[in-house]
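Residue numbers (full-length UniProt numbering): 1 to 133.
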């Protein structure tokens, strides 16, 4: 998220809710054309362990939950972003890859991805339950 969000349910449950400032900013959820219903905003200090940061929270109508921005989560060290990719492979892994190289090229083990299971002539297939998740 690019902004910090708190819902009115959580805002009203604070012991001493800060005074809300009017907002002209429009916040849009990802992929939507409709802005979120903003009640107001307030500035505050957020503390986690030994880190403390100043930030702005936007208060939204309803009880949809709260959300910390990416920069806030990074600043409080709630998340850690790793930008490195290790391209080294140890000798055992490389040996397995070399020995089974046919599995790592093309479609792999299947030669015909559109094959169907054949049934014996004159037999009707038994219907099976399809699981719904």
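From the three backbone atoms N, C-alpha and C, an ideal C-beta is built for every residue, glycine too.
As the structure is a computational prediction, the values presented were derived from the model and not from experiment.
Whole-angstrom distance between residue j and residue i, CA atom to CA atom
i	j	result
residue 31	residue 71	21 Å
residue 124	residue 130	18 Å
residue 22	residue 73	25 Å
residue 66	residue 20	17 Å
residue 100	residue 94	10 Å
residue 104	residue 91	17 Å
residue 29	residue 39	16 Å
residue 127	residue 121	17 Å
residue 1	residue 15	26 Å
residue 35	residue 81	29 Å
residue 54	residue 102	56 Å
residue 96	residue 83	28 Å
residue 50	residue 98	49 Å
CB of residue i within 9 Å of CB of residue j, strictly
i	j	result
residue 85	residue 7	no
residue 46	residue 27	no
residue 63	residue 25	no
Residue i burial status per 10 Å Cβ neighbour count (16 or more: buried)
i	result
residue 68	buried
residue 5	buried
residue 57	buried
Residues that DSSP places opposite residue i in a beta bridge
i	result
residue 102	According to DSSP, which records beta bridges pairwise, residue 102 is partnered with nothing at all.
residue 45	54
residue 93	None; residue 93 has no bridge partner.
residue 60	7, 38
residue 67	5
residue 21	41
Beta-carbon contacts of residue i that lie in its chain and below 7 Å, excluding the five residues immediately before and after
i	result
residue 37	60, 61
residue 18	42, 44
residue 139	Here the chain has residues from 1 to 133 only, and residue 139 is not among them.
Proximal residues to residue i (C-beta, below 8 Å), its chain only, five neighbours per side dropped
i	result
residue 52	45, 46
residue 13	none
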